[in-house]
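Remarks on the structure that follows.
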Amino acid sequence: MTDPTEYVDAHCHLDLFPDPAALVRRIDERRVHTIAVTNAPSVFGHTERLAASSRYVRAAAGLHPELVATHGGELDQLWPCLERTRYVGEVGLDFSTNDAALRTRQRTVFEKILERCAAFRDKTITVHSRRASSDTIDTIGERFPGKVILHWFTGSRREVERAARLGLYFSINPAMVNSQKGRELVDAMPRDRVLTESDGPFVKLGPQPADPTSAPIVLNYLARTWHLEVEQVARAVLANLERSVQREV
Ligand code: MN
Numbered sequence: 056m057t058d059p060t061e062y063v064d065a066h067c068h069l070d071l072f073p074d075p076a077a078l079v080r081r082i083d084e085r086r087v088h089t090i091a092v093t094n095a096p097s098v099f100g101h102t103e104r105l106a107a108s109s110r111y112v113r114a115a116a117g118l119h120p121e122l123v124a125t126h127g128g129e130l131d132q133l134w135p136c137l138e139r140t141r142y143v144g145e146v147g148l149d150f151s152t153n154d155a156a157l158r159t160r161q162r163t164v165f166e167k168i169l170e171r172c173a174a175f176r177d178k179t180i181t182v183h184s185r186r187a188s189s190d191t192i193d194t195i196g197e198r199f200p201g202k203v204i205l206h207w208f209t210g211s212r213r214e215v216e217r218a219a220r221l222g223l224y225f226s227i228n229p230a231m232v233n234s235q236k237g238r239e240l241v242d243a244m245p246r247d248r249v250l251t252e253s254d255g256p257f258v259k260l261g262p263q264p265a266d267p268t269s270a271p272i273v274l275n276y277l278a279r280t281w282h283l284e285v286e287q288v289a290r291a292v293l294a295n296l297e298r299s300v301q302r303e304v
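When we follow my numbering, the leftmost residue of the sequence shown carries the number 56, and every step to the right adds one.
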C-alpha cells in the first residue's frame, strides 16, 4: 500500500546518522519534506550533496551554539553557504553554560548570522534556544525579514505566546509530546505555526533514534488534542511548512 500523505521533518541531523544515503532513500519513499540542519559550516557540503540527490531533503547551513567555542572560527565560512541555500540551522543560543564570555560569544555569532540572513529576506532559520528562550526571542526581535522556526522550544507558556505574536513557528518532536511540560507548551502553540521535527538522531524512541519517518508520532498526538483526523493534521502541517518557506513581500 502506498501512503498518499506527505510529511514534514523541519529539523533533522541527517549527516549524523550512520547511513545518511539510506535514510535519504526512506525519506523520499515516505515523502517527508526534511530540513537537514548542520552544526558547522565545514560539514555543510556533505549534506548539500545528499540533498541534491533527493526531492524531499533541503540542506540547511548552520553553526550550533554549543559548537561556538570549538568551531566559532568557521563563522566566515558560513557566508558563502548562505548564497547556496535558503535554509539556515542549526543556530541560536544555549545558556546551559554559565560561562559569561561564552554566552556573549554565542550571542555575537547569532546576531551576525541573523543580520546576514536579514539581507536575503527569504531565509528560513531553525533555531535552538535551550535555557535561553527569552534571550533568543529578544535577539530575533520584532522585524526580522525571514521565517524563524523555534526547534524543541522549552520556554514558558508566556514565551510561546510572545513568539507566536512575533510570527515565529515551532517544530515539535516526539520527546516533547512524551513529556507533560512539552505537551503543555504544544497545547499553547497556534495551529497555524506548528511543524513536526525529529531532531534525530538526538531524540530517541526507545533505543532507536527518531528520524523523519517518525513524524506520525507527533501527528497522532496533535490529532487527539485538536480533535482532527491525522490526515487533516498532516495537511495542516504541510501548509504551515509552505508558509514558513515563503519569501517576505
Ligand atoms: Mn538539533
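Note that CB positions come from ideal geometry on N, CA and C, so glycine has one too.
These numbers come from a predicted model, not from an experiment.
For the alpha helix (DSSP H) holding Asp131, just list the boundary residues, first then last.
130 to 137
Give a single yes or no on whether Glu252 has its beta carbon closer than 6 Å to a heavy atom of the ligand MN.
Checking the Cβ of Glu252 against the ligand MN gives no.
Please report the Cβ distance between Asp154 and Arg185, rounded to the nearest whole angstrom; I am assuming they are in contact, meaning their Cβ atoms lie under 8 Å.
Not a contact, Cβ separation roughly 15 Å.
Have a look at the DSSP bridge pairing and note the partners of Asp64.
Thr89
Would you say Ile90 and Tyr142 are within 7 Å of each other, going by their C-beta atoms?
yes
Given a threshold of 16 other Cβ atoms within 10 Å of its Cβ, counted over all protein chains shown, does Thr163 qualify as buried or as exposed?
exposed
If I measure Cβ to Cβ from Pro245 and keep anything under 7 Å in the same chain, skipping five residues before and after, which residues do I get?
Ala219
Secondary structure at Ser226, three-state DSSP: helix, strand or coil?
strand
Hey, which unbroken runs of the alpha helix (DSSP H) at 4 residues or more fall wholly within the stretch 141 to 188?
155 to 175
Leaving out the 5 sequence neighbours to the left and right, which residues in its chain are closer than 8 Å to Arg327 when beta-carbon positions are compared?
Any question about residue 327 goes unanswered here, given that the chain covers just 56 to 304.
For Gln263, the residue or residues it bridges with in DSSP:
Leu260
Would you tell me roughly how many angstroms separate the C-alpha atoms of Tyr111 and Gly144, rounded to the nearest one?
17 Å
Can you tell me where the beta strand (DSSP E) holding Arg113 begins and where it ends?
112 to 116
Unbroken beta strand (DSSP E) run spanning Val292, endpoints
Here Val292 belongs to no beta strand (DSSP E); instead the alpha helix (DSSP H) covers 285 to 299.
Indicate whether the contact test is met: 3 or more Cβ pairs, each with one atom in the stretch 270 to 287 and one in the stretch 92 to 109, closer than 8 Å.
no
Continuous beta strand (DSSP E) stretch holding Val249: start and end:
249 to 251
So, helix, strand or coil for His206, using DSSP?
strand
Cβ-based neighbour list, Thr268, same chain, cut-off 7 Å, excluding 5 preceding and 5 following
The beta carbon of Thr268 lies closer than 7 Å to those of Arg81, Arg85, Val87 in the same chain, with the five residues before and after it left out.
Distance, Cα to Cα, Leu205 vs Pro120?
A straight-line Cα-Cα distance of about 14 Å links Leu205 and Pro120.
Quick one: is Pro264 buried, meaning 16 or more other Cβ sit within 10 Å of its Cβ, or exposed?
buried
DSSP-derived helix/strand/coil call for Met244
coil
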